[in-house]
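So the sequence shown is numbered by the numbering used here: it starts at 2 and just counts up by one.
Below is one structure, written out as structure tokens; comments come after it.
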Amino acid sequence: MAYPLSSQVTAGQPTAAEHYNNLRKDALNLGQADADAVKLGEFFRRFSSGVKLEYLANHRVRVPYSFAAPPSLMINGCMLQSDSNVDLPVGLISGPAAMWYIFAVRTEGSTSFTLTVNTSSSEGSNHRLIGQAYWTGSALISIYVIWRHPLCRWRIMIRAGLPAHLIPFTQNLMDWVPLHG
């Protein structure tokens, strides 16, 4: 099937049902039949690109900005992209040893996102789980991005017994591990 199915409409021209339906197919399925393609919104529901985590002083993390691959992701159906570094505020990670989950947070009226953490991995409607960090009670010792693919449910994990900012990120420290195992 050729894409796009729709054609130009001139001012004052009535829009026929077929033309409207072709516009709709172009927008939802890139012109493909419903039986041959999922809707774009469903396809990109868990989209994430360029999202990385870095250690910062004072028990914080950063999603670094890159002009070549800006951090971009979908949260609650909204396409978000940062045009600068996104830093976790000071003081959110503290207390006894625990696994802290890092979330990107959507704020209405903004096309970017902020960061927050919680000891629960449950996502709220405007929160997207993007990583986790282990806190010893006095230092972060590992930070990694959770990449959730709706089909495979795996993540890349960095193994190291060093503070996160001292980890030499080499291939022999990376593993594919089950997301919940």
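C-beta: ideal position from N, C-alpha, C; glycine also.
CA-to-CA distance, residue j to residue i, given in whole angstroms
| i | j | result |
| --- | --- | --- |
| residue 76 | residue 108 | 10 Å |
| residue 47 | residue 79 | 11 Å |
| residue 37 | residue 3 | 14 Å |
| residue 6 | residue 24 | 7 Å |
| residue 140 | residue 51 | 26 Å |
| residue 130 | residue 83 | 16 Å |
As assigned by DSSP and simplified to three states, the class of residue i
| i | result |
| --- | --- |
| residue 31 | coil |
| residue 124 | coil |
| residue 21 | helix |
| residue 151 | The predicted position of residue 151 is uncertain, since its pLDDT is 48 and thus under 50; a value taken from the coordinates is nonetheless stated next. Residue 151 falls in the coil class under three-state DSSP. |
Per-residue burial, residue i [other beta carbons within 10 Å of its own, 16 or more giving buried]
| i | result |
| --- | --- |
| residue 121 | exposed |
| residue 62 | buried |
| residue 1 | This structure does not reach residue 1, given that the chain is present from 2 up to 182, and the question cannot be answered. |
| residue 40 | exposed |
| residue 14 | exposed |
| residue 21 | exposed |
| residue 111 | exposed |
| residue 49 | buried |
| residue 126 | exposed |
Cβ shell of residue i (< 7 Å), same chain only, five flanking positions each side left out
| i | result |
| --- | --- |
| residue 144 | 54, 56, 62, 132, 134 and 165 |
Boundaries (first-last residue) of the beta strand (DSSP E) holding residue i
| i | result |
| --- | --- |
| residue 141 | 141-146 |
| residue 73 | 73-76 |
Span of the alpha helix (DSSP H) around residue i
| i | result |
| --- | --- |
| residue 43 | 41-44 |
Neighbourhood of residue i by C-beta, 8 Å cutoff - its chain only, sequence neighbours within 5 removed
| i | result |
| --- | --- |
| residue 187 | This structure leaves residue 187 out entirely; the chain is present only between 2 and 182. |
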